[in-house]
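Engineer: Please find one structure pasted underneath; my questions will follow.
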Amino acid sequence: MITTTIKLSGGVLGSEVMLVRCVLANAASAVEVDYCMGDGWQSTQYQAADARHTARGLAAIGMELAQSAVQELGTCDWEIVSED
4 MITTTIKLSG GVLGSEVMLV RCVLANAASA VEVDYCMGDG WQSTQYQAAD
54 ARHTARGLAA IGMELAQSAV QELGTCDWEI VSED
């Protein structure tokens, strides 16, 4: 089986990069995401069927996940660690 991996950058991600991957030929294959923050690949609630078995559909899911990730970052705790 071939795993399709999509790289997302720019837009809401700014200079960050995010990857999504899935075996599009297998309807039950989980869509996984790597937010490139050192946590590696994580499962999502999506499957290849949600992506309509297409790279374009997988990219659309990736964009939705990116938007959610940015919203979560907007509500996280923060602190000043340096003011040079």
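Its first residue numbered 4, the sequence shown is counted upward by one per residue in this note's numbering.
Where is the CB? At the ideal position from N, CA and C, for every residue including glycine.
Taking the alpha carbon of S18 as the point to measure from, which residue in A51, K10 and C25 has its own alpha carbon closest?
Structural biologist: Measuring from the Cα of S18, the nearest candidate turns out to be K10.
Engineer: Drop a sphere of 10 angstroms on the beta-carbon of A30, count the other beta-carbons inside from all chains shown, and report buried for 16 or more, exposed for fewer.
Structural biologist: By the 10 Å Cβ count, A30 comes out exposed.
Engineer: Count the other CB atoms within 10 Å of the CB of A58; is the residue buried (16 or more) or exposed (fewer)?
Structural biologist: Counting Cβ neighbours within 10 Å, A58 comes out exposed, since fewer than 16 surround it.
Engineer: Might you give, ordered along the chain, the residues of its own chain that have their beta carbon closer than 6 Å to the beta carbon of G65, omitting 5 neighbours on each side?
Structural biologist: Counting only Cβ-Cβ distances below 6 Å, and skipping sequence neighbours, we find I9, L11 and V23.
Engineer: By a C-beta neighbour count over all protein chains shown, 10 Å radius and 16 as the cutoff for buried, is M4 buried or exposed?
Structural biologist: Exposed, by the Cβ-count rule.
Engineer: Spatial neighbours of G60 within its chain, please: C-beta separation below 7 Å, excluding the five flanking residues on both sides.
Structural biologist: So the list reads A54, once near-sequence residues are dropped.
Engineer: Just verifying my parser: in three-state terms, what is the DSSP assignment at I9?
Structural biologist: Looking at I9 - three-state DSSP - the assignment turns out to be strand.
Engineer: Beta strand (DSSP E) containing L16: first to last residue?
Structural biologist: L16 -> no beta strand (DSSP E), and no H or E assigned at all.
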